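First comes the structure, then the notes that go with it.
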Amino acid sequence: MAPLLSVSGLHTTFRTDDGPVGAVDGVSLSVDAGKVLGVVGESGCGKSATSLSIMGLLPRTATVEGSIRLGDRELVGMPDDQLRALRGAEMAMIFQDPMTSLDPVIRVGAQLEEAVRIHRDVPKQEAREMAMKGLASVGIPSPEERLRSYPFEMSGGMRQRVMIAMALINRPRLLIADEPTTALDVTTQAQILDLIRDLRTEVDAAVLLITHDLGVVAEMCDEVAVMYAGRIVERASVDDLFARPQHPYTWGLLTSLPGRHRAGERLHQIPGTPPSLLNPPPGCRFAPRCDFVMDSCRADPAPALSTHDGTAVACHLDAATRAREGARAARDDAP
Amino acid sequence: MVRFLIRRIIGGAIVVLVVTLAVFVLFGPVLRMQSDISPARLYAGKNPTPEQIQRVSELLGLDKPYYEQYLITMRRLVVGPSDEEKARLCPGSTPDECDAIVGRFGSSFAEQVSVDRLIWDAFPVTLSLTVLSAIIWLLISIPLGIFSAMRPRSLLDRSSTVFVLIGQSLPVYYLGLLALYFLAYEFEVFPPSGYVPISDPIGWLYHLILPATVLALQFAAIYVRITRSQMLDQMGEDYVRTARAKGASEKRTVVRHAFRNAMLPIVTMFGLDLGLLLGGAILIEVTFGLQGIGWLTVQAAKRLDVPTTAGIVLFSAIIIVIANIIVDLVNAALDPRIRLE
Ligand SMILES: Nc1ncnc2c1ncn2[C@@H]1O[C@H](COP(=O)(O)OP(=O)(O)OP(=O)(O)O)[C@@H](O)[C@H]1O
Ligand SMILES: [Mg+2]
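Residue numbers (the numbering used here), protein chains in the order written: chain Y, -9 to 325; chain V, 2 to 342.
Spelled out as structure tokens, the structure:
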């Protein structure tokens, strides 16, 4: 069966005053119905650009090339009105900051009803009913009353629940969650993640979960794509990623997990910063920060993703070194 | 909500009280000491004798101590002129005649008429000009501002920027004179001056459209700019992206979400501008010979008509205070964060 979402050769470029910024540079990934794909990487590596490309929510300054298929439909180049009919119905998105993601002057109930009525010609009463059920399904107490609340009367966690209810109200087949818990405190984070997991099973949607937190990945995802500077450098099942990480960047991420350092020891960090996407270095983009860099890494073409034992990795290192160093990075148990 | 309203009204009353005090001090003692202008001498006509001045002083109560004068002024303002005052100021007139001469704001020095009457005759002119002008400038600026924000740097956006620059840098009297010269004298499309009451709607519109448009252009420029910048701000907000993610159409996103939020500061500015204009659009009224509050202000100042000038200042202050209260109410109605907090 073909995957529900399948992205291949995605290039997203922003036109800026300083020149084109290649935020996404040849990303390919796919998610099956009922599965969760995690996308991890440092800030600015193009995670949001990827998800907004899929949703067709990029600003006018962006151009998208490549292919994005949702079911049997190609989204790249799809006319605006057709894409709009899919947004919020077939595919939905939750954003990072629940404090600002709801319209401040419209009641929560009206915002939920709007999500229904944009796509379905149902009577107001029925939309209201659905809105109430939506709130109930995300565990908001006394949903009937809450419909009349304004966003500012709710906590961040509550608002994110509302966002989730709104995203799922039309039973989308694809849910994109862009760092849905980053802005929340730890307890709320756990609740929201549980909620997404439960609802995913219930709705049987494919989930693209964007995060920079490998802990979240371990807990939530079936598969993971590791992104670095606009490219995917490693793609694997969660188990493989934590047990046999293949890419030096992934090793860096794993060893810099907060849970991995011993008391009193300094937190490990990957030295250096990601390259500018305005004019990225030739060859492997991680080369300037890589402990294992070789001459060939700095020369074009960049290493391509190649698959071994189910893991796809873009690296010139030989298999033996990767196995050895990967094992070292994974030495401590996965979180 | 009711408490909110009561608080605003009390606040407004205090502001008005302070303004009455300031007006009284400025037009009484200060005028007298700084410029040696004595209301009694002004009122007594040309080359009065000291006895005449003395008589007028007594007639107007100007011989009393200032605090007493202030209390009398305030009493008159709040409950209207007393019978004793009427009897003193218009002996031998019928009550109707006397009402036209003695009012809450006092009597004009220049004419045998109350300041109240002068203001109430002038106010419809200013009100008409303001309302018509406001309609014009909103109709121009809100759509223009929204469309400019939706397509920044487009031809429309750039043209509207030029419009804003011109509108803001051309003084209204200059634009007014140009319009008068070409549209009223050269081509005689519109009448050069005058006001027709709204009971004749066509004539009213015909006489007002030129001054109202000239006045509107200047405000439109400001409102285009603020609408555009507010819309640009709001369009970049997360909740707008959420609306799009829901599948909302561009129109729905812009009107129901972005503009709904962008209009909050615009409404505030609009209310305050209306209040200000209702106190008289001096330049426009004088340029187009409209005998509104602004025109009356100039007349009164030219003729050293102290009570009329003071009355207009006070009247304008009251209008502005009322405008402020209305703005607060409208804001509370539009923004739940204000209403419920
Ligand atoms: N509207 C835009 N115009 C120009 N450049 C942009 C725009 N949006 C994003 N970028 C650039 O694209 C790159 C990828 O940004 P993106 O938001 O996808 O990062 P991210 O991985 O989501 O990071 P974060 O973890 O901080 O959310 C960044 O270098 C960013 O500067
Ligand atoms: Mg992001």
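Ideal Cβ positions, reconstructed from N, Cα and C, are used throughout, including at glycine.
Small disclaimer: the values here were computed from a predicted structure and weren't measured.
Per DSSP, ALA173 (chain Y) lies in no beta strand (DSSP E) and is assigned neither H nor E.
Apart from the 5 residues on each side of it in sequence, VAL225 (chain V) sits with its Cβ closer than 6 Å to the Cβ of SER142, LEU145, GLY146, SER161 and VAL165 in its chain, given in chain order. At a cut-off of 8 Å between C-beta atoms, PRO337 (chain V) counts as an interface residue with respect to chain Y. DSSP lists no bridge partner for PRO49 (chain V). Distance from the CA of PHE282 (chain Y) to the CA of ASP62 (chain Y), rounded to the nearest whole angstrom, comes to 42 Å. Excluding the 5 residues flanking it on each side, LEU27 (chain Y) has same chain C-beta neighbours closer than 6 Å at VAL21, LEU198 and GLU213, in chain order.
For LEU(-5) (chain Y), the uninterrupted beta strand (DSSP E) run begins and ends at -5 to 6, by DSSP. Minimum Cα-Cα distance from GLU143 (chain Y) among the listed residues Y:ARG110, Y:GLY99 and Y:GLY34 corresponds to Y:GLY99. Annotation note: the segment 220 to 267 of chain Y contains the following uninterrupted alpha helix (DSSP H) runs of length 4 or greater, listed N- to C-terminal: 228 to 233 and 238 to 245.
In this structure GLY272 (chain V) is in contact with ILE327 (chain V), their Cβ atoms being roughly 6 Å apart against a cut-off of 8 Å.
The C-beta of LYS247 (chain V) comes closer than 8 Å to at least one C-beta of chain Y.
If the five residues before and after SER(-4) (chain Y) are omitted, its C-beta is found closer than 7 Å to the C-beta atoms of SER20 and ARG59, all from its own chain and listed in chain order. GLY168 (chain V) is positioned such that its CB atom lies closer than 8 Å to that of GLN219 (chain V). According to the DSSP assignment, THR53 (chain Y) belongs to the beta strand (DSSP E) that extends over 52 to 60. Residues ALA226, SER227 and ASP230 of the same chain have their beta carbon placed closer than 8 Å to that of GLY300 (chain Y), with the five preceding and five following residues left out of the count. Between the alpha carbons of SER39 (chain V) and GLN55 (chain V) lies a distance of about 11 Å. Distance from the Cα of PRO266 (chain V) is smallest, within the candidate group V:GLY237, V:VAL299 and V:THR228, for V:THR228.
Short of 7 Å from the beta carbon of ARG89 (chain V), and not among the five residues preceding or following it, lie these beta carbons of its own chain, in chain order: LEU60. Nearest to VAL268 (chain V) by alpha-carbon distance, out of V:ASN332, V:ALA246, V:SER250 and V:ARG253, is V:ASN332. GLY93 (chain V) and LEU330 (chain V) have their C-alpha atoms spaced approximately 47 Å apart.
Of all residues in the segment 162 to 173 of chain Y, none comes within less than 8 Å of chain V when Cβ atoms are compared.
At a threshold of 7 Å, GLU169 (chain Y) counts as near ligand 2, since its beta carbon sits closer than that to one of the ligand's heavy atoms. If you check the C-beta of HIS202 (chain Y) against ligand 1, you find a heavy atom less than 7 Å away.
As the crow flies, the alpha-carbon of PRO270 (chain Y) is around 29 Å from that of GLY205 (chain Y). Ranked by Cα distance from SER(-2) (chain Y), the options Y:ILE44, Y:VAL112, Y:ILE182 and Y:MET83 are led by Y:ILE44. Under the Cβ criterion of 8 Å, ASP158 (chain V) is not counted among the residues facing chain Y. At a cut-off of 8 Å between beta-carbon atoms, VAL95 (chain Y) makes contact with chain V. DSSP, reduced to helix, strand and coil, places ASP188 (chain Y) within a helical segment of the structure shown. Annotation: the continuous alpha helix (DSSP H) that includes ALA263 (chain V) extends over 261 to 279.
In the DSSP annotation of this structure, the continuous segment of the alpha helix (DSSP H) that includes THR40 (chain Y) starts and ends at 37 to 45. In this structure the segment 161 to 177 of chain Y does not lie against the segment 127 to 138 of chain Y, because fewer than three pairs of beta carbons, one per stretch, are closer than 8 Å. Looking at the DSSP output, HIS306 (chain Y) shares a beta bridge with no other residue. Secondary structure at MET83 (chain Y): strand, using DSSP grouped into helix, strand and coil. The closest heavy atom of ligand 2 lies less than 7 Å from the beta carbon of LYS37 (chain Y). With contacts defined by Cβ atoms closer than 8 Å, PRO238 (chain Y) and CYS280 (chain Y) form a contacting pair.
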